[in-house]
Amino acid sequence: MTSSEKNNNHKGRNEPFTHFIHKMDRLFSERPKGMLQSLDDFFSSAKERSFPVDLHETNSEYILTASLPGIARSQISIDLLTQAVTISANHVDSLATQHKTQGMFQKDLSASRLSRTISFPKPINERKVTARHRDGILTLHLPKVKGNRIEIND
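Mapping the sequence shown onto my numbering, position 75 (from 1) lands on 68, and the numbers just tick up by one.
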């Protein structure tokens, strides 16, 4: 058997796999259609957005830093769970303009909601959590709950 015949036989055996790979490439490279397109459009135009956070862990606590520029302290809410924290911000911008020559008053409002939930691998002590907001940076100190270690006996 010549080398070209071997290559043709080899191609024939891998053709179903090659066809499968080609179909999968098309599936992930083309935009979704129909219902999937509608879901994609829905989530991409959602009013609720996220914001960047940085999480640092020490032996005794988690330190979470969230960047919330332009958001006032009164617009932020923090919800604590045993192993998670949700930070939400309702940001409302208002711009009022008065046109004296035309006798008009114009007010523009824009509102957005920012939300982010961060889960932790260990429970946090909800009673000792502290929060600080300064210059658009929210910093949370979330102490870990200290459990009891159990020694294994023979």
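Even for Gly, the Cβ is constructed at its ideal location relative to N, Cα and C. Because the structure is a prediction, the values reported are computed rather than measured.
Sheet register partners of residue i (DSSP bridge)
i, result
"Asp101", "Leu88"
"Ala77", "Leu74, Ser112"
"Asp123", "A small correction: the amino acid at residue 123 is Thr; Asp does not occupy that position in the sequence shown. In the DSSP output, where bridge partners are listed per residue, Thr123 has His134."
"Asn83", "Arg106"
"Ala69", "The sequence given here has Ile at residue 69, not Ala. BP columns for Ile69 point to Ala82."
"Ile117", "Lys137"
Coarse secondary structure for residue i, derived from DSSP in three states
i, result
"Asp209", "Any property of residue 209 remains undetermined from this structure, which presents the chain solely from -6 to 147."
"Lys137", "strand"
"Arg106", "strand"
"Ser(-3)", "With a pLDDT of only 48 at Ser(-3), under the threshold of 50, the placement of this residue in the model should not be trusted; the figure read from the coordinates follows. The answer is helix: DSSP assigns Ser(-3) an H, G or I state."
"Thr51", "coil"
"Thr11", "helix"
"Ile143", "coil"
N-terminal and C-terminal residue of the beta strand (DSSP E) that residue i is part of
i, result
"Thr58", "54 to 60"
C-beta neighbour in chain D for residue i, strict 8 Å
i, result
"Thr132", "In the structure shown, chain D does not exist; there is a single protein chain."
Counting Cβ pairs closer than 8 Å, one from the stretch 66 to 76 and one from the stretch 114 to 131, do we hit at least three? yes
Are the stretch 79 to 89 and the stretch 57 to 65 in contact at 8 Å, needing three or more beta carbon pairs? yes
Taking contact to mean 3 or more Cβ pairs, one atom from each stretch, closer than 8 Å, check whether the stretch 134 to 146 and the stretch 90 to 110 are in contact. In short, these stretches do not touch, since the Cβ pair count stays below three.
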